[in-house]
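Accompanying notes for the structure given below.
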């Protein structure tokens with residue numbers, strides 16, 4: 001659990017007063033921004049650009065059942081639907097338009113390094129007691145960017161489970177670590193696209209079932225070999241750099257989660 005910064009506290013106060021929040025954020029959005037990213041305009045369907053891409057990263061976990069949000073910088077129907085789900089989840093007006101209150105909530109949720117409130121690069125960092133983003137099949141920067149998207153999906157999953165802690169037991173692994181733990185030869189962990197999860201407050205089946213609506217195209221949990229102690233989630237469908245077909249693969253038989261869902 002992260003400690004909220006003063007910035008988050010100020011934004012929370014603004015959100016508690018909708019009229020004031022709109023006035024303040026619209027007049028001076030930089031005042032609520034942190035060291036990560038500041039949106040300078042309202043985003044609506046048809047817009048495109050880096051600001052749209054940054055938004056898509058943060059709403060990637062609100063893709064809906066079996067869906068994904070493509071990080072392509074184009075504000076289409078897929079992105080608008082994810083924004084609506086995000087807005088609804090946080091008690092905002094659900095109109096699919098990313099404006100001052102939507103950005104205020106995102107500023108409240110994100111830290112200065114762009115990670116979401118309840119997850120960190122340290123948690124998704126190299127396993128086996130090592131640190132860093134090197135040693136995988138991708139350049140370190142790409143792996144780290146994939147891990148950021150993974151964290152925002154985890155933040156959405158956590159929200160849907162009642163904002164109760166989710167613990168990451170394994171995130172990015174370099175090639176040596178992946179061999180050491182017996183991971184698949186082309187594991188999504190190698191790309192920063194995967195996380196193994198446990199929860200003290202919700203069952204593994206709760207986690208596996210909820211993950212279906214939060215942008216995870218790979219889900220393995222109870223009933224799948226070697227996954228009775230955790231739930232594996234990944235973004236294989238979005239990975240164009242691996243040797244695996246871009247598809248959806250879900251298997252947690254004990255939880256009623258399968259490929260046909």
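Numbering (this note's numbering), first residue to last: 1 to 261. The C-beta atom is built at its ideal place from N, Cα and C for all residues, glycine as well.
query                                                                                                                                                       : result
Who does residue 232 pair with in a DSSP beta bridge?                                                                                                       : 196, 220
Determine the contact status of residue 155 and residue 116, defining contact as a CB-CB distance below 7 Å.                                                : yes
Check for me: the beta strand (DSSP E) holding residue 250 runs from which residue to which?                                                                : 249 to 251
With contact counted as at least three CB pairs below 8 Å, one residue from each stretch, are the stretch 140 to 152 and the stretch 169 to 180 in contact? : yes
Alpha helix (DSSP H) containing residue 203: first to last residue?                                                                                         : Where residue 203 is concerned, there is no enclosing alpha helix (DSSP H), given that its DSSP letter is neither H nor E.
Beta-carbon within less than 8 Å of residue 29's beta-carbon, same chain only, minus the 5 sequence neighbours each way: which residues are those?          : Bear in mind that the predicted position of residue 29 carries a pLDDT of just 48, short of 50, making it unreliable; the figure below should be weighed with that in mind. Cβ neighbours of residue 29 beyond the five flanking positions: 38, 39, 40, 100, 103.
Return the first residue and the last residue of the beta strand (DSSP E) that residue 88 is part of.                                                       : That residue, residue 88, is in no beta strand (DSSP E); its alpha helix (DSSP H) goes 77 to 89.
Per DSSP, what kind of secondary structure is residue 100 in: helix, strand or coil?                                                                        : helix
Comparing alpha-carbon positions, which option in 36, 118, 137 lies nearest residue 165?                                                                    : 118
Can you give the Cα-Cα distance for residue 60 and residue 215, rounded to whole angstroms?                                                                 : 6 Å
Given a cut-off of 7 Å, decide if residue 223 and residue 208 are closer than it, judged by their beta-carbon atoms.                                        : no
Classify residue 181 as helix, strand or coil using the three-state DSSP reduction.                                                                         : coil
Nearest to residue 139 by CA position, among 251, 71, 192, is which residue?                                                                                : 192
Which residue wins for smallest C-alpha separation from residue 217, given the options 70, 228, 53, 42?                                                     : 70
For my contact list, residue 231 and residue 252 are in at a C-beta cut-off of 8 Å; report their separation, rounded to the angstrom.                       : 7 Å
According to the neighbour-count rule (16 or more other Cβ atoms, all chains shown, within 10 Å of its Cβ), is residue 21 buried or exposed?                : Reliability of the predicted coordinates at residue 21 is poor, the pLDDT of 40 falling under 50, and no value is obtained from them.
Going by DSSP, what residue range makes up the alpha helix (DSSP H) through residue 65?                                                                     : Unbroken run through residue 65: none, as it is neither H nor E.
Quick one, which of 77, 64, 107, 228 has its alpha-carbon nearest residue 54's?                                                                             : 107
Find out if the Cβ-Cβ distance for the pair residue 243, residue 152 is shorter than 7 Å.                                                                   : no
Under a three-way DSSP split, which group does residue 213 fall into?                                                                                       : coil
Please state whether the Cβ-Cβ distance between residue 44 and residue 97 is less than 7 Å.                                                                 : yes
Can you tell me whether residue 130 is helix, strand or coil according to DSSP?                                                                             : coil
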